[in-house]
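Below is one structure, written out as structure tokens; the observations come after it.
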């Protein structure tokens, strides 16, 4: 039986009816139409579903929507500024050709944002560690790492 | 799928719900294990009991007398970041640092890792090697049991009807005790290990004799496994290349992985247990 819950996503409160077993990624995509966050493995291995919950990186495919109440959820959609300007990370990914098919990209960018929020000047090793939960089949990661390193 | 989501506010409430719905309920802490199992339909609970909101279960405390106490809801990332652990129990920091990805560590809890009872549970081996005990609360009260007696089989623990693991207790290690946790996996830390080894040993500083040692192997038995024969080789003996090699060889023989598994053949696992045990023994001996 569905439950009435409120989720704060990208600064906006949303009143929703959710089944208790729905994951956060399902609710973001299907109920809130925020399809920037992707579903890849649904087992917490690929990071395509990465979002920030209270500033912390989380695999939303494994995170029950019920758990996300009373927390601040940030998705890739919010990185673009109000005036439409891209986030520094998004610009860097474009400049450094760090996007190919684009499927891993939102997740990697959220992982990078979580890193830079905590550690604004990471070493290359720290960048690689921070994105180690994100799988990319296209780029070989080199340009992704370069793009993140270029953002300070 | 179809489960109801319950959120007890206290330990007592959680115990009561787990008792009431015994056999039909599963505890969720972070959910990184449970949600995968639910989606794969390996478990089909009717009730999921979320203990995240119970206050006072998320802590890392140390004092000279009681030693270390870790609350069940402490995340793996918190274990990894803890300066206290890095200083006093670095083997726990090592295990926490070789655990999945940041996204997993932010949410996964030490209690969940133990209660999920995988033969490879990162936190189980170092804690067993440190002679940890766990405090369990249930309908008939509290009990404290050695962690090495906590696991029965794959996915199965001694938790009875209504019981909840609330705390991990680790004694103060004797002087000159060192520990190391080594994990062997394909894709770095995010993969579950092919095999893993935790060694904690206390050496006599002048003579280099091993006064006490615990060697705990992962992924080579239904539960984390003490390599007791390998330990006996080292106890009371001077730690040198000969004793290290002999002990590692015995550990390799003692390991009894099942004949086939997703990650590696039994042969390979046994071989790698020998390699990791040797490396770990050399490391704790400071070689």
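Chains as they are written, first to last, in our numbering: chain U, 726 to 877; chain B, 285 to 571. C-beta: ideal position from N, C-alpha, C; glycine also.
Which residues of chain U have a Cβ atom closer than 8 Å to the Cβ of residue i, listed in chain order?
i	result
residue 289 of chain B	728, 745, 746, 789 and 791
residue 334 of chain B	789, 791 and 792
residue 315 of chain B	787, 788, 789 and 792
Which first and last residues belong to the beta strand (DSSP E) in which residue i is found?
i	result
residue 503 of chain B	Note, residue 503 of chain B: premise wrong, no beta strand (DSSP E); not H, not E.
residue 468 of chain B	461 to 468
residue 381 of chain B	Here residue 381 of chain B belongs to no beta strand (DSSP E); instead the alpha helix (DSSP H) covers 374 to 381.
residue 486 of chain B	479 to 487
residue 333 of chain B	331 to 334
residue 571 of chain B	It is not in any beta strand (DSSP E) - residue 571 of chain B carries neither H nor E in the DSSP assignment.
residue 311 of chain B	309 to 312
Taking all protein chains shown into account, decide if residue i is buried (16 or more other Cβ within 10 angstroms of its Cβ) or exposed.
i	result
residue 356 of chain B	buried
residue 378 of chain B	buried
residue 437 of chain B	exposed
residue 364 of chain B	buried
residue 826 of chain U	exposed
residue 560 of chain B	buried
residue 340 of chain B	exposed
residue 459 of chain B	exposed
residue 780 of chain U	exposed
residue 580 of chain B	The structure shown does not extend to residue 580 of chain B, since chain B is modelled only from 285 to 571, so the question has no answer here.
residue 389 of chain B	buried
residue 738 of chain U	exposed
residue 807 of chain U	exposed
residue 540 of chain B	exposed
Would a C-beta distance cut-off of 8 Å place residue i and residue j closer than the cut-off?
i	j	result
residue 565 of chain B	residue 531 of chain B	yes
residue 750 of chain U	residue 732 of chain U	no
residue 788 of chain U	residue 396 of chain B	no
residue 786 of chain U	residue 802 of chain U	no
residue 338 of chain B	residue 293 of chain B	yes
residue 367 of chain B	residue 508 of chain B	no
residue 782 of chain U	residue 839 of chain U	yes
residue 501 of chain B	residue 548 of chain B	no
residue 772 of chain U	residue 858 of chain U	yes
residue 568 of chain B	residue 462 of chain B	yes
residue 360 of chain B	residue 387 of chain B	no
residue 748 of chain U	residue 319 of chain B	yes
residue 418 of chain B	residue 451 of chain B	yes
residue 373 of chain B	residue 454 of chain B	yes
residue 265 of chain B	residue 382 of chain B	Here chain B covers residues 285 to 571 and nothing more, so residue 265 of chain B does not appear.
residue 849 of chain U	residue 876 of chain U	no
residue 778 of chain U	residue 793 of chain U	yes
residue 746 of chain U	residue 307 of chain B	no
residue 514 of chain B	residue 538 of chain B	yes
residue 422 of chain B	residue 299 of chain B	yes
residue 867 of chain U	residue 855 of chain U	no
residue 477 of chain B	residue 503 of chain B	yes
residue 728 of chain U	residue 743 of chain U	yes
Quick one: what's residue i bridged to in DSSP?
i	result
residue 341 of chain B	Bridge partners of residue 341 of chain B: none, in fact.
residue 419 of chain B	B:428 and B:451
residue 739 of chain U	U:732
residue 859 of chain U	According to DSSP, which records beta bridges pairwise, residue 859 of chain U is partnered with nothing at all.
residue 809 of chain U	Residue 809 of chain U pairs with nothing; no bridge assigned.
residue 522 of chain B	B:493
residue 351 of chain B	B:347
residue 278 of chain B	This structure cannot speak to residue 278 of chain B, because chain B is shown only from 285 to 571.
residue 784 of chain U	U:775
residue 434 of chain B	None; residue 434 of chain B has no bridge partner.
residue 816 of chain U	In DSSP, residue 816 of chain U forms no bridge with anything.
residue 748 of chain U	U:789
residue 544 of chain B	Per DSSP, none; premise fails for residue 544 of chain B.
residue 440 of chain B	B:437
For the alpha helix (DSSP H) that residue i lies in, which residues bound it at each end?
i	result
residue 758 of chain U	Looking at the DSSP string, residue 758 of chain U is not in any alpha helix (DSSP H), and its letter there is neither H nor E.
residue 290 of chain B	Note, residue 290 of chain B: premise wrong, no alpha helix (DSSP H); beta strand (DSSP E) at 288 to 290.
residue 528 of chain B	525 to 538
residue 397 of chain B	394 to 400
residue 302 of chain B	295 to 304
residue 842 of chain U	830 to 843
residue 798 of chain U	No alpha helix (DSSP H) contains residue 798 of chain U, which is instead part of the beta strand (DSSP E) from 797 to 799.
residue 872 of chain U	867 to 874
residue 364 of chain B	360 to 365
residue 388 of chain B	386 to 389
Given that residue i touches chain B, what residues does it touch there, using C-beta distances under 8 Å?
i	result
residue 822 of chain U	Correct list: empty, because the minimum Cβ distance to chain B is about 25 Å.
residue 858 of chain U	384, 385, 386, 387, 388 and 474
residue 756 of chain U	Chain B residues near residue 756 of chain U: none, gap ~16 Å exceeds 8 Å.
residue 855 of chain U	386
residue 770 of chain U	474
Going along chain U, which residues have a C-beta under 9 Å from residue i?
i	result
residue 322 of chain B	746
residue 286 of chain B	744, 745 and 746
Applying a beta-carbon distance threshold of less than 7 Å, which residues of chain B neighbour residue i?
i	result
residue 767 of chain U	323
residue 782 of chain U	386, 387 and 390
residue 773 of chain U	Under the 7 Å cutoff, chain B gives no residues; its nearest Cβ is about 11 Å from residue 773 of chain U.
What do you reckon, is the C-beta of residue i under 7 Å from a heavy atom of the ligand GTP?
i	result
residue 534 of chain B	The model on display carries no ligand, and the ligand GTP is accordingly not part of it.
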